[in-house]
Amino acid sequence: GGQRNIVSIEPPRPQFKGEPRRSPIDDFDGEIFYSPVVRTAKQVFSFFTLAVLLTASCVTVIYLASWRTILIREHQAAVQLYGSEDALPEEQRWKVGAPYITAGLNMVQIQLLSRIGVYVAEVSTDWENYRTQTEYNDALVIKVFLVQMVVNFNSYFYVAFFKAYIEGCLVRQEGEPW
């Protein structure tokens with residue numbers, strides 16, 4: 167049953183560029199060659215570029231979470247100092263919205279860095295010059311998955327595993343929405 171050892175010869179992508187040479191295997195004179203050393207160097211540079219972008223995303227999440235905690239603690243201290251929410255000076259009242267402000271900024275960074283990351287993944291995969299569409303698609307899927315995974319889920323990862331150790335736990339005051 168079934169077919170075995172079937173090899174499909176995939177044609178090169180129209181975007182594939184290389185140098186014509188004589189094939190060392192079948193002596194065909196029209197083979198297009200692209201140095202695997204050059205491609206590997208480009209892959210390393212591409213992944214380094216994506217790593218910088220993903221690190222920026224993680225640092226932004228940590229910064230926003232820390233800023234949120236600082237604002238909440240300042241708000242709680244001001245409420246204790248002034249006795250109630252209504253007695254707060256006007257310049258202190260906006261801090262009650264800290265969870266919403268930082269959540270909105272986190273949403274913006276997710277959208278922005280996700281789009282930039284996918285764009286960088288597409289451009290770098292084009293630049294790496296893959297011979298076949300399958301090789302191109304495989305490289306692009308890995309990069310886009312990595313970008314989407316880190317950018318979209320690093321907030322949850324931070325909250326689940328690091329927040330309590332870095333920021334400590336917030337104590338909810340009676341009557342506060344958070």
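One point on numbering: in my numbering, the residue at position 151 of the sequence shown is 317, and numbering is uninterrupted.
For each residue, glycine too, the CB sits at the ideal point set by N, CA and C.
In summary, residue 320 is buried, with 16 or more beta-carbon neighbours lying within 10 Å of its beta-carbon over all protein chains present.
Each of 196, 200, 174, 193 was checked against the Cα of residue 183, and the nearest Cα belongs to 200. No Cβ-Cβ contact shorter than 7 angstroms links residue 313 with residue 330. Taking C-beta atoms under 8 angstroms as the contact rule, residue 268 and residue 293 fail to qualify, at a distance of about 36 angstroms. Under the three-state reduction of DSSP, residue 186 is assigned to strand. If you ignore the 5 residues before and after residue 279, its C-beta comes within less than 6 angstroms of the C-beta of 223, 317, all in its own chain and listed in chain order.
For residue 240, the CB contacts under 7 angstroms within the same chain, skipping 5 residues up- and downstream, are 261 in chain order. Residue 176 carries a coil assignment under DSSP once its states are collapsed to helix, strand and coil. In terms of Cα proximity to residue 187, the closest of 179, 197, 178 is 197. In the displayed model, residue 319 falls within a helix according to three-state DSSP.
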